[in-house]
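Structure first, commentary second.
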Amino acid sequence: MINFSQELNSEQLQVVLHGDGPCLVLAGAGSGKTRVITYRVACLLEQGVLPENILLVTFTNKAANEMVERVKKLTNREEKLPWAGTFHSIGHKILRAHANELGYQKNFSILDSDDSESLLKLAAKDFSISAKGKKFPTAGVLQGIISFARNTEKTVAKVVEERYPQFSVFEEAITSVAKAYEERKKEANAMDFDDLLLNTLRLLNISEIRKRYTQQFQYVLVDEYQDTNKIQAAIVKKLAEEYKNILVVGDDAQSIYSFRGANIENILQFEKDYPQAKIFRLETNYRSSQEILSLANAVIANNPKQYKKNLKTILTTGVRPEFLPHGDQGEEALFIAGKIASLIRGGIEEKEIAVLFRAAHHSQALELELMRLGIDYDYRGGLRFFERSHVKDVLAYLRILNNLADTTAWLRVLMFEEGIGPASAGKIIDEVKKIENINGLENVAQALSDKAKSGWWNFMKIWNKILEAGPGNPAELVNKIIASPYKQHLEAEKLDSAERLEDLKQLAVFASRYDNLENFLADAALQEAFNLQRQKEKKDKIKEGKIVLSTIHQSKGLEWSAVFVINLSQGAFPNERALREDGGLEEERRLFYVAVTRAKKYLFMTFPMSNSRGNNSYAGSWGENFVNEPSMFVSEIDSELLEDKSFLKNVTVLNDPSEGITYEREDEPQKKIKPGSFLVDVEDL
DNA sequence: AGATTTACTATTTTT
DNA sequence: TAGTAAATCT
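According to my numbering, the residues represented by the first sequence are 744 to 1428, in order.
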């Protein structure tokens, strides 16, 4: 038996023991909400609830896997929770079982955002008109519009009107493109990420199917509820219909995904949907020191629309957070690298240190510096494994094998054959539609020009190699592709082909966990396999910890002893583009809140006063003006809360591009410095 | 016409 | 860097 009262505080215990019926848990940052859900699940299992009767929805598959592992340990059971995962992976599981009912074939493909963008491009081709010198939105923008519309249950026209008024002349055309896109997807027997949610909801509207699942899920638990959208909220509401044991956990102050249709109002709506809902508050912060928490509270207080929370903490370190301006990004990087080295010397473990930033490319200068100093880091901002182009190439071959109608997969593998461009690729795809099964591919060549034909036969060489493998063996399939002329293609085209081939061998290792192509492809698309692998890697390297570089979005739910939030200049953070959106400033502020509340003991906020020309940096660096202003969030912090008060109080950064920056502080006379001439405090290194 | 090469520009966040 | 538009090649 688990000794709950010993391992949980009284707030947490309430939820774990009494979380039946509809429950809304308002959990502040660092209040142990993951812990509460984990223990709640363990508690249910100990009460004899069967694993398959528990639905646990988390924000990432990784979070789900970690929770499941902890539950296993707590309860000393070997069995997994079969229904733990993201909305997308759970939706997919349900859809697999009932695809036919919605007019899909069971082997449907999942389109990631690149795939759907390329399909959209095809769909948009017929509609690309320009009006009054205005250009039709790019595929990326179209995707944003259509996806947002679907996730918020608004019409495309309405979204254009509200969020993209500059394209209002194209309202009708965009609506037509959206329709054409839907048709293309259906033809390709494919679903995009939004479909995984929308179609799940459609299935649950069929009463026999709904019954089957509502009767199964005695308990429904949802983490990060503040970041769910309308569709997701509707899905869980349906699934919990029978038993009404639905427990949602969230923090409105940490809602950072509204660009994806997430809706904080879901929390308010929950209370309306279940007027009898129990409301729990977790207001004790176990993570951060009082000093850090005060700073976080001071900033978030500027967001007027909020649940009132009264976060208490039990930790006081006496160390205040620091705000540290530097000359430019290079010096910022140098400082951070030096500080990290001294923190490590001071006894803080590498894995207890993180550097957080607003956008993936903000870390570039820092990465160079860390590499130079030989500090190893784990980078979470950039391309993930399954998003690398060569991995996607290989997956595309497998997708075709699994679903011959998969247009985007075809486009991908055909376009890099010499002699085949968009036109011939289109022709081939049309020909393939006429074919009954994969053996008929030989005949496609007839419709092609001589040049395209040679490209086609090159494709067929790879294809025939793939067919040597057993169809039920994903690992062998991957290995066949590595052994095919695709390898020569990589070697000819890419300078780093050796590394890429290594990746592909890794992919074969992932694949060996599967005996079924469909499941392998689905997990790859939903990033599930990758996360499992990452966990394994972590276990292997438990001793040689690395510091973490991450976007703030990806740092959600995590914590470190020391956290750097970098590039705190106006325009970079808050992000200039985000500010243009409705409610953008509030969301950026919540993002800042998330960033600083990741820190347990030490928080450093850094700010590059200038961007050197040619440096890959943000706002203001492009024209002549390369002087930054500090982030407005910093001015929302009472100087009493910071370490170096004098600096913050009197710094004035003036726009004087030719001369550099003029600044003033209490303890020094006015100083003028040209960009690039700043010196780093040697003590810090 | 369709494929390929070259020149140029713009970078938010993600299941 | 990577994705796109324009220019050039076949």
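Built from N, CA and C at the ideal position, the CB exists for glycine as well.
Values in this document were obtained by computation on a predicted structure and should not be read as measured data.
Go through its chain and collect everything with a Cβ distance to ALA785's Cβ below 7 Å, but skip five positions before and after it. Here residue 785 corresponds to residue number 42 of the first sequence, with the count starting at 1. Closer than 7 Å at the Cβ level, and outside the excluded window around ALA785, lie ILE745, VAL814, LEU817, THR818.
Range of the contiguous beta strand (DSSP E) that encloses LYS707: Shown here, the chain extends from 744 to 1428; a query on residue 707 therefore has no answer.
So, with DSSP's three-state summary, where would you put LYS1055? By 1-based counting over the first sequence, the position of residue 1055 is 312. LYS1055 falls in the strand class under three-state DSSP.
Classify HIS761 as helix, strand or coil using the three-state DSSP reduction. By 1-based counting over the first sequence, the position of residue 761 is 18. Note: HIS761 maps to helix in three-state DSSP.
Could you please give me the residues that DSSP links to ILE1290 through a beta bridge? Here residue 1290 refers to the residue found at position 547 of the first sequence. TYR1120, per the DSSP bridge assignment.
Check whether the Cβ atoms of ASP970 and PHE802 sit closer than 8 Å, and answer yes or no. Locating residue 970 in the first sequence gives position 227, where the first residue counts as 1. Locating residue 802 in the first sequence gives position 59, where the first residue counts as 1. Against a cut-off of 8 Å, the Cβ pair of PHE802 and ASP970 comes out as a contact.
For the region 907 to 981, list the alpha helix (DSSP H) runs that are entirely contained and at least 4 residues long, ordered along the chain. Taken in chain order, the complete alpha helix (DSSP H) segments of 4 residues or longer contained in the region 907 to 981 are 914 to 930, 936 to 947, 950 to 959.
For the alpha helix (DSSP H) containing PRO825, list its first residue and its last residue. Reading the first sequence from its first residue, position 82 is the one you call residue 825. No alpha helix (DSSP H) holds PRO825; DSSP gives it neither H nor E.
Express the C-alpha separation of ASP1173 and SER1298 in angstroms, rounding to a whole number. By one-based count along the first sequence, residue 1298 stands at place 555. By one-based count along the first sequence, residue 1173 stands at place 430. Distance between the alpha carbons of SER1298 and ASP1173 is about 44 Å.
Measuring alpha carbon to alpha carbon, tell me which of GLU1319, ALA976, LEU1292 ends up nearest VAL1308. As a position in the first sequence, residue 1308 is number 565, starting the count at 1. Ranking GLU1319, ALA976, LEU1292 by Cα distance to VAL1308 puts LEU1292 first.
Please name the residue, chosen from ILE1083, PRO825, SER1037, GLN1033, that lies closest to THR1059 on a Cα-to-Cα basis. Here residue 1059 refers to the residue found at position 316 of the first sequence. Comparing Cα positions, the closest option is GLN1033.
The beta strand (DSSP E) that contains LYS1021, what's its start and end? As a first step, residue 1021 is located in the first sequence; it is residue number 278 there, counting from the start. Where LYS1021 is concerned, the enclosing beta strand (DSSP E) starts and stops at 1021 to 1025.
For VAL979, count the other beta carbons within 10 Å of its own beta carbon; 16 or more makes it buried, fewer makes it exposed. Which is it? Here residue 979 is taken as the residue at index 236 of the first sequence, counted from 1. So VAL979 counts as buried.
Can you name, in chain order, every residue of its own chain whose Cβ lies under 6 Å from the Cβ of GLU1379, other than the five neighbours on each side? Within the first sequence, the letter at position 636 stands for residue 1379. Listed in chain order, the non-local C-beta contacts of GLU1379 below 6 Å within the same chain comprise VAL1042, ASN1045, local neighbours out to five positions each way being set aside.
Go ahead and label ALA1195 buried or exposed: buried means 16 or more other beta carbons lie within 10 angstroms of its beta carbon, across all protein chains shown. Your numbering for residue 1195 matches position 452 in the first sequence. Looking at its Cβ environment, which holds 16 or more other Cβ atoms inside 10 Å, ALA1195 is buried.
Does the distance from the C-beta atom of TYR1029 to that of SER774 stay below 8 Å? On the first sequence, position 286 is the one that residue 1029 refers to. On the first sequence, position 31 is the one that residue 774 refers to. Yes; because the gap between Cβ atoms is below 8 Å, this pair is in contact.
Between ALA976 and LEU1038, what straight-line distance do the alpha-carbon atoms span, to the nearest angstrom? In the first sequence, counting from the first residue as 1, residue 976 sits at position 233. In the first sequence, counting from the first residue as 1, residue 1038 sits at position 295. ALA976 and LEU1038 have their C-alpha atoms some 32 Å from each other.
What residues in its chain sit with their C-beta under 6 Å from that of LEU760, if we drop five residues either side in the sequence? Working through the first sequence from its first residue, we reach residue 760 at position 17. Within the same chain, and ignoring the five residues on either side of LEU760 in sequence, no residue has its Cβ closer than 6 Å to its Cβ.
What is the DSSP secondary structure of ASP1283, reduced to helix, strand or coil? By one-based count along the first sequence, residue 1283 stands at place 540. Residue confidence is low: ASP1283 scores 46 on pLDDT, short of 50, so the model does not pin down where it sits. No coordinate-derived value is stated.
Smallest Cα separation from GLY1314: which of LEU799, ARG1101, ILE1171? Position 571 of the first sequence, counting from 1, holds the residue named residue 1314. The residue with the shortest Cα to Cα distance from GLY1314 is ARG1101.
Per DSSP, which residues does ASN1028 bridge with? Please list them. Numbered from its first residue, the first sequence carries residue 1028 at position 285. DSSP output for ASN1028 lists THR1056 as bridge partner(s).
Any idea what DSSP makes of ASP858, helix, strand or coil? Start at 1 with the first residue of the first sequence, and residue 858 comes out as number 115. For ASP858, the secondary structure class from DSSP, reduced to helix, strand or coil, is helix.
Looking only at C-alpha atoms, which of ASN1182, THR781, ASP1246, ALA770 sits nearest to ILE1209? Here the question's residue 1209 lines up with position 466 in the first sequence. If we check each option's Cα against that of ILE1209, ASN1182 comes out closest.
In chain order, what residues of the same chain have a beta carbon less than 7 Å from the beta carbon of ASP1381, not counting five sequence neighbours either side? The residue labelled residue 1381 in the question sits at position 638 within the first sequence. Correct list, in chain order: ALA1041.
At least 3 beta-carbon pairs within less than 8 Å: the region 1254 to 1267 vs the region 1213 to 1225: A contact is defined here as three or more CB-CB pairs under 8 Å, and the region 1254 to 1267 meets this definition with respect to the region 1213 to 1225.
Between GLN848, GLN1072, LEU788, which lies nearest to GLU821 when the distance is taken from Cα to Cα? Along the first sequence, read from residue 1 onward, the residue named residue 821 stands at position 78. Of the candidates GLN848, GLN1072, LEU788, the residue whose Cα lies closest to the Cα of GLU821 is LEU788.
Can you give me the start and stop residues for the beta strand (DSSP E) that TYR1345 sits inside? On the first sequence, residue 1345 is found 602 positions in, with the first residue counted as 1. Segment 1342 to 1353, the beta strand (DSSP E) holding TYR1345.
To the nearest angstrom, how far is the alpha carbon of GLY834 from that of ILE853? On the first sequence, residue 834 is found 91 positions in, with the first residue counted as 1. On the first sequence, residue 853 is found 110 positions in, with the first residue counted as 1. For the pair GLY834 and ILE853, the Cα-to-Cα distance works out to about 12 Å.
Closest to TYR924 by CA distance: which of THR1150, SER998, ALA1321, ARG945 is it? Here residue 924 is taken as the residue at index 181 of the first sequence, counted from 1. Among THR1150, SER998, ALA1321, ARG945, the Cα nearest to that of TYR924 belongs to THR1150.
Reduced DSSP secondary structure (H/G/I, E/B, other) of VAL1005: Position 262 of the first sequence, counted from the first residue, corresponds to residue 1005. This sequence places Ala at residue 1005; Val is not what is there. In this structure, DSSP gives ALA1005 an extended state, which the three-state scheme calls strand.
Three-state secondary structure (DSSP) of ASP1071: For the purposes of this step, residue 1071 is taken as the residue at position 328 of the first sequence. In the structure shown, ASP1071 sits in a strand (DSSP, three-state: E or B).
Tell me whether the beta-carbon of GLU754 lies closer than 8 Å to the beta-carbon of THR1027. Indexing the first sequence from 1 puts residue 754 at position 11. Indexing the first sequence from 1 puts residue 1027 at position 284. Yes, the pair counts as a contact, with Cβ atoms nearer than the cut-off.
Going by DSSP, which residues form a beta bridge with SER1312? As a first step, residue 1312 must be located in the first sequence, where it is residue number 569. Per DSSP, PRO1373.
What's the C-alpha gap between GLU860 and LEU1334? In the first sequence, counting from the first residue as 1, residue 860 sits at position 117. In the first sequence, counting from the first residue as 1, residue 1334 sits at position 591. Rounded to the nearest angstrom, the two C-alpha atoms are 27 Å apart.
Based on Cα-Cα distance, which residue from GLU984, ALA931, GLY993, PHE1002 lies nearest to ASP1016? What you label residue 1016 is simply residue 273 of the first sequence in a count that begins at 1. Across the set GLU984, ALA931, GLY993, PHE1002, the C-alpha of GLU984 shows the shortest separation from the C-alpha of ASP1016.
May I have the straight-line CA-CA distance separating ASN1358 from LEU1244, to the nearest angstrom? Against the first sequence, residue 1358 aligns to sequence position 615. Against the first sequence, residue 1244 aligns to sequence position 501. Because ASN1358 sits at a pLDDT of 39, beneath the cut-off of 50, its placement in the model cannot be relied upon, and the point is left open.
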